[in-house]
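Residue numbers (the numbering used here), protein chains in the order written: chain B, 1 to 332; chain W, 1 to 62; chain F, 1 to 281. Yeah, the Cβ is synthetic: ideal placement off N, Cα and C, and Gly gets one too.
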Amino acid sequence: MASKATTARTLLRSSAWSTSSRTAAPSFKQSFGARFASTQSSTAPASSVFTSGATLAAATGLTVGSIAWYTHLYGELPLIGGVSASSLADNGLHPAEHPWSHKGVLDSFDHASIRRGYQVYREVCAACHSLDRIAWRNLVGVSHAVDEVKEMAAEVEYEDGPNDQGEMFQRPGKLSDYMPKPYPNEEAARAGNAGALPPDLSLIVKARHGAADYVYSLLTGYIDPPAGVTVREGLNYNPYFPGGAIAMARVLFDGLVEYPDGTPATTSQMAKDVTTFLHWAAEPEHDERKKIGLQALIIFGSLLTLSLYTKRFKWTPLKTRKIVYVPPKDAH
Amino acid sequence: MSLANNFYNLIFKRNSVYVPVVFASAFAFGIGFDLGTTAFWDSWNKGKQWKDIRHNYVQQEE
Amino acid sequence: MSTLARSVTRVNLAPTVSQFSTGVPKAPVFVNFAAKAPHDAHGHHGPSAIRSDVAPSWATEVKLRNGFNGLVSKTHVTAPPTVPGSFRHIHTSRAVQEAPEVPDYSSYKTSSGSNNRALSYFLVGSMGVVSASLAKSTVTGFLSSMAASADVLALAKVEVEMANIPEGKNVIIKWRGKPVFIRHRTPEEIEEANSVDVKALRDPQTDEARTKQPEWLVMLGVCTHLGCVPIGESGDYGGWFCPCHGSHYDISGRIRAGPAPTNLEIPEYTIDEGAGKIVVG
Numbered sequence: 001m002a003s004k005a006t007t008a009r010t011l012l013r014s015s016a017w018s019t020s021s022r023t024a025a026p027s028f029k030q031s032f033g034a035r036f037a038s039t040q041s042s043t044a045p046a047s048s049v050f051t052s053g054a055t056l057a058a059a060t061g062l063t064v065g066s067i068a069w070y071t072h073l074y075g076e077l078p079l080i081g082g083v084s085a086s087s088l089a090d091n092g093l094h095p096a097e098h099p100w101s102h103k104g105v106l107d108s109f110d111h112a113s114i115r116r117g118y119q120v121y122r123e124v125c126a127a128c129h130s131l132d133r134i135a136w137r138n139l140v141g142v143s144h145a146v147d148e149v150k151e152m153a154a155e156v157e158y159e160d161g162p163n164d165q166g167e168m169f170q171r172p173g174k175l176s177d178y179m180p181k182p183y184p185n186e187e188a189a190r191a192g193n194a195g196a197l198p199p200d201l202s203l204i205v206k207a208r209h210g211a212a213d214y215v216y217s218l219l220t221g222y223i224d225p226p227a228g229v230t231v232r233e234g235l236n237y238n239p240y241f242p243g244g245a246i247a248m249a250r251v252l253f254d255g256l257v258e259y260p261d262g263t264p265a266t267t268s269q270m271a272k273d274v275t276t277f278l279h280w281a282a283e284p285e286h287d288e289r290k291k292i293g294l295q296a297l298i299i300f301g302s303l304l305t306l307s308l309y310t311k312r313f314k315w316t317p318l319k320t321r322k323i324v325y326v327p328p329k330d331a332h
Numbered sequence: 001m002s003l004a005n006n007f008y009n010l011i012f013k014r015n016s017v018y019v020p021v022v023f024a025s026a027f028a029f030g031i032g033f034d035l036g037t038t039a040f041w042d043s044w045n046k047g048k049q050w051k052d053i054r055h056n057y058v059q060q061e062e
Numbered sequence: 001m002s003t004l005a006r007s008v009t010r011v012n013l014a015p016t017v018s019q020f021s022t023g024v025p026k027a028p029v030f031v032n033f034a035a036k037a038p039h040d041a042h043g044h045h046g047p048s049a050i051r052s053d054v055a056p057s058w059a060t061e062v063k064l065r066n067g068f069n070g071l072v073s074k075t076h077v078t079a080p081p082t083v084p085g086s087f088r089h090i091h092t093s094r095a096v097q098e099a100p101e102v103p104d105y106s107s108y109k110t111s112s113g114s115n116n117r118a119l120s121y122f123l124v125g126s127m128g129v130v131s132a133s134l135a136k137s138t139v140t141g142f143l144s145s146m147a148a149s150a151d152v153l154a155l156a157k158v159e160v161e162m163a164n165i166p167e168g169k170n171v172i173i174k175w176r177g178k179p180v181f182i183r184h185r186t187p188e189e190i191e192e193a194n195s196v197d198v199k200a201l202r203d204p205q206t207d208e209a210r211t212k213q214p215e216w217l218v219m220l221g222v223c224t225h226l227g228c229v230p231i232g233e234s235g236d237y238g239g240w241f242c243p244c245h246g247s248h249y250d251i252s253g254r255i256r257a258g259p260a261p262t263n264l265e266i267p268e269y270t271i272d273e274g275a276g277k278i279v280v281g
């Protein structure tokens, strides 16, 4: 009995490895309850709706249909439509990269240029453009000394109040006042500029594609319209401006301002200075940011190195140890 | 050899010395690091920052 | 018909694993956890049911293959059949070694343990130094964000031209939303303020303690009772009078009569003689 049972078990075991054998497989089907490989057709459907032909056809139809619908709606293929080359008429001429003195990761602003740029802004741009987010005090220690800024601020009248009688009154500006606006409100600004609103310049460098390069290119890029391009009356042609027709006329001409420090006031010099000033206005934290970035990189770099060393140091005994199993002597 | 041993016996041997030394060094390191990076920053951006050009404008007025 | 060619024992053993035609074993797709090794009695209870020294009877059968010239199967068994209690002679595991070979690590060993010890402590300590410095900077940064911002600080100071205030006149300015009284006092008023018996006052304070220069009295114009704004140059003591509940302050802003508990508050201020300005804040 015992030997018979053992033999049967052995056969059972060997059959587990030879299920491909056609003769053996059916006879063991019942005892195993599962067949591992078979050439016979299956009795139950092997798959669900996910692999059916109807599903495949429906999914394909849905995909093709939605692409077609998108293309019909927007006139371009989805996802790959945006890769089209930018058109001069729609996006403007791509501005060239200029070697700004603050371009490198460790380069601060050229503050003498900021000071000249403020002069250009005050004498030229401020006639139409506001600079709402810059207060007089922001200039202190950046481009002007405290007393200079106090003097400049005091030249401007600000409305304050109410006083004891409940009336508003005019007073000279203080350091805490913000830059005066050329127009009291947007409607007045539009009315004064043939319907076009001169944008606020506080964040203009951050708010335009191409940033400082764009602003510089725009200021220096006024040319006559090329053949075949007609610009409406009151607009000016500038290839860097999206659409090409800009309401602002060319304002910077050689010798327009006179720099006290003797720098020749060429158009490009003034454009560079005012762009540097506007870049500072958009990013007053620029210098500090780059300096802290340098410090952070050094600190985190050395901290990484040291922690790698410490990790290896602490793990060495764990990594190099050897665990030996000494089996107990046989008790039998 | 003896230098390393001296350091070990002086600083690292007792935690009561080691930890205060670490904190004191952190304080000194903070100041020194600030001074060092500022010196580098100022030399790298020489002539561009306000403190480099301030004398041009303030002396004119006084 | 086939005839037995020789009376030799040839065995056609099923391999322990199924094979491809090349002889490479097939990995089973299914692990039969239910299969158990035959019970081994460890030799405690006499001879086992299976004798390991004799090939089992099913393995020694001579098999003829029909339809192929009657040849006996050519598969020779070179290993004894695997039965319980016998060694497996064909396997892929590594040979057992009595003593494992240990590589020579001596070149990795340091020549100076004390140098290494000091270096390790130094580097671990350095990490502590840099981390502590970083943590300090981080905490300082967060704390400094609680301080007043630059635009608030710009409004926090008020400058008053001293030349604009004639002797014996009051000026009320706004500073941080509160009125500030500035009085240019006459010599008589200063004398009057100093002649008061300080000890008899509700809130004893000398006039000197309340002014930086006796000619200039700078006070917060908020009654210490319930916060009304007192009226200047009125009241029983020649100073200020609060109309709300009738508190009387003297020419030094000290409480003399009425419900107010303390003297009028003195804000922080400096007198800039050179520029002729009082800077409040």
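For residue 124 of chain F, the residues of chain B that pass the 9 angstroms Cβ criterion are 306, 309, 310, 313, 314, in the order they occur in the chain. For chain F, the residues of the segment 173 to 206 of chain B that bring a beta carbon within less than 7 angstroms of one of its beta carbons are 175, 176, in chain order. In the DSSP annotation of this structure, the continuous segment of the beta strand (DSSP E) that includes residue 158 of chain B starts and ends at 157 to 160. Counting C-beta pairs closer than 8 angstroms gives fewer than three between the segment 235 to 249 of chain B and the segment 105 to 119 of chain B, which falls short of the contact rule. The beta-carbon of residue 109 of chain B is placed less than 8 angstroms from the nearest beta-carbon of chain W. Within the segment 135 to 147 of chain F, contact with chain W at the beta-carbon level (separation under 8 angstroms) is assigned to 136, 137.
With 16 or more other Cβ atoms from the protein chains shown falling within 10 Å of its own Cβ, residue 254 of chain F counts as buried.
Residues of the same chain with a CB within less than 7 angstroms of the CB of residue 161 of chain B, apart from the 5 flanking positions on each side, are 167, 168, 169 in chain order.
Distance between residue 250 of chain F and residue 228 of chain F, taken at the CA atoms: about 17 angstroms.
Under the three-state reduction of DSSP, residue 256 of chain F is assigned to strand.
Shown here for residue 192 of chain F: same chain residues with a beta carbon closer than 6 angstroms to its own, the five before and five after excluded, namely 251 in chain order. At least one CB atom of chain B sits nearer than 8 angstroms to the CB of residue 48 of chain W.
For residue 61 of chain B, the uninterrupted alpha helix (DSSP H) segment begins and ends at 53 to 74. Straight across, the Cα-Cα distance linking residue 280 of chain F with residue 268 of chain F is about 6 angstroms. Along the segment 237 to 265 of chain F, none of the residues has a CB nearer than 7 angstroms to a CB of chain B. At a cut-off of 4 residues, the continuous stretches assigned as alpha helix (DSSP H) that sit fully inside the segment 127 to 156 of chain B are 136 to 139, 146 to 154. Contact between residue 163 of chain F and residue 223 of chain F is ruled out by a C-beta separation of about 30 angstroms, above the 8 angstroms threshold. In this structure the segment 216 to 233 of chain B does not touch the segment 175 to 195 of chain B; the number of beta carbon pairs closer than 8 angstroms is below three. Taking 8 angstroms as the CB threshold, residue 30 of chain W lines the interface with chain F. DSSP, read as helix, strand or coil, puts residue 172 of chain B in strand. By the neighbour-count criterion, in which a residue is buried when 16 or more other Cβ atoms sit within 10 angstroms of its Cβ, residue 160 of chain F is buried.
Between residue 114 of chain B and chain F, the shortest Cβ-Cβ separation is not below 8 angstroms. Think of a sphere of 8 angstroms around the beta carbon of residue 22 of chain W: the chain F residues whose beta carbon falls inside it are 125, 128, 129, 132, in chain order. Rounded to whole angstroms, residue 49 of chain B and residue 60 of chain B show a C-alpha spacing of 15 angstroms.
Between residue 131 of chain F and residue 203 of chain B, the gap from beta carbon to beta carbon reaches 8 angstroms or more.
Assigned with DSSP and collapsed to three states, residue 272 of chain F falls in strand.
The beta carbon of residue 150 of chain F does not come within 8 angstroms of any beta carbon belonging to chain W, so the residue lies off that interface.
Its Cα nearest to that of residue 257 of chain F, the residue F:242 stands out among F:216, F:242, F:21. Between residue 151 of chain B and residue 257 of chain B, the CB-CB gap reaches or exceeds 8 angstroms. The distance from the Cβ of residue 108 of chain B to that of residue 48 of chain W is about 5 angstroms, consistent with a contact at the 8 angstroms cut-off. Between residue 111 of chain B and residue 142 of chain B the beta-carbon gap is near 6 angstroms, inside 8 angstroms, which marks them as a contact.
The beta carbon of residue 114 of chain B is closer than 6 angstroms to those of 143, 276, 277, 280 in its chain, skipping five residues each way along the sequence. One Cα belongs to residue 110 of chain F, the other to residue 116 of chain F, and the distance between them is close to 8 angstroms. Annotation: the continuous alpha helix (DSSP H) that includes residue 286 of chain B extends over 286 to 320.
Excluding its 5 nearest sequence neighbours in each direction, residue 18 of chain W has C-beta neighbours in its own chain below 7 angstroms: 11, 12, listed in chain order.
Shown here for residue 245 of chain F: same chain residues with a beta carbon closer than 6 angstroms to its own, the five before and five after excluded, namely 225, 259 in chain order.
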